[in-house]
Amino acid sequence: MSWKRNPYEYLYGWIVGMRDEGFDHEQIMEAFKTCPTTKMDANDQDQLKLADVIIRHALGQASDQEIEMYCHPTEVIGFKQIGKCAEGYIFMAHTTEDEDDFHFLVEEDAIDGASSLDEVRNVLMRFEEQVCRLLLYKSHTQSPYGVTGMSFQTAAAKLTWRDFSS
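In the numbering used here, the protein residues as written are 3 to 168.
What follows is the structure, given as structure tokens:
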């Protein structure tokens with residue numbers, strides 16, 4: 003698997019264990035449909051297709067590219083400013099229509115010479131394409147960051163001075 007975070011990996015041990023117990027693909031799929039952990043709607047064809055990909059990937063029968071189509075976000079297409087918090091500046095990253103947008107944090111001292119939300123936004127906008135790619139990467143490879151003074155509790159990615167020094 004590449005750098006994308008696989009949100010289904012926690013199920014892999016269970017799937018492999020069922021295979022090792024002698025369950026075939028159909029029996030694993032039936033267990034998947036009824037397991038409360040998967041929260042799957044057995045009547046939804048898209049969920050059935052995803053379950054099949056998860057099972058096959060866990061058993062080494064599907065490529066990383068197949069499962070990565072379901073590892074959201076798959077693309078960051080833009081962002082907008084939200085406000086200031088104790089840790090720095092909060093922005094909303096926009097993803098594709100069928101995926102959830104996410105918050106990201108820009109540390110207060112991340113951008114040399116920028117001391118306001120508008121100044122930070124202006125710098126980010128000058129490098130929008132690169133920032134979007136960086137946010138996609140960081141949203142998959144970093145743990146969420148706590149945010150104070152906002153209605154939400156975490157940011158999915160954080161930009162630091164290291165990201166802007168070079």
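Ideal Cβ positions, reconstructed from N, Cα and C, are used throughout, including at glycine.
{"Item": "Nearest candidate by alpha-carbon position, reference Phe104, set Ile84, Glu89, Ala116, Glu121", "Value": "Ile84"}
{"Item": "Under the three-state DSSP convention, the category Lys6 falls into", "Value": "coil"}
{"Item": "Length of the line joining the Cα atoms of Glu110 and Ile69", "Value": "36 Å"}
{"Item": "Simplified DSSP assignment, three categories, for Gly15", "Value": "helix"}
{"Item": "Among Asp120, Phe34, Ile17, the one whose alpha carbon lies nearest that of Val108", "Value": "Asp120"}
{"Item": "Sequence-distant residues of its chain with Cβ nearer than 7 Å to Ala116 (five each side left out)", "Value": "Val122, Val125"}
{"Item": "Beta-bridge pairing of Met127 - partner residues as DSSP gives them", "Value": "DSSP lists no partner for Met127."}
{"Item": "Inter-stretch contact at 8 Å, needing at least 3 Cβ pairs: the stretch 50-58 / the stretch 10-29", "Value": "yes"}
{"Item": "Nonlocal neighbours in the same chain, by C-beta distance under 7 Å from Thr162, ignoring five residues either side", "Value": "Glu109, Ala112"}
{"Item": "Extent of the continuous beta strand (DSSP E) to which Phe106 belongs", "Value": "104-109"}
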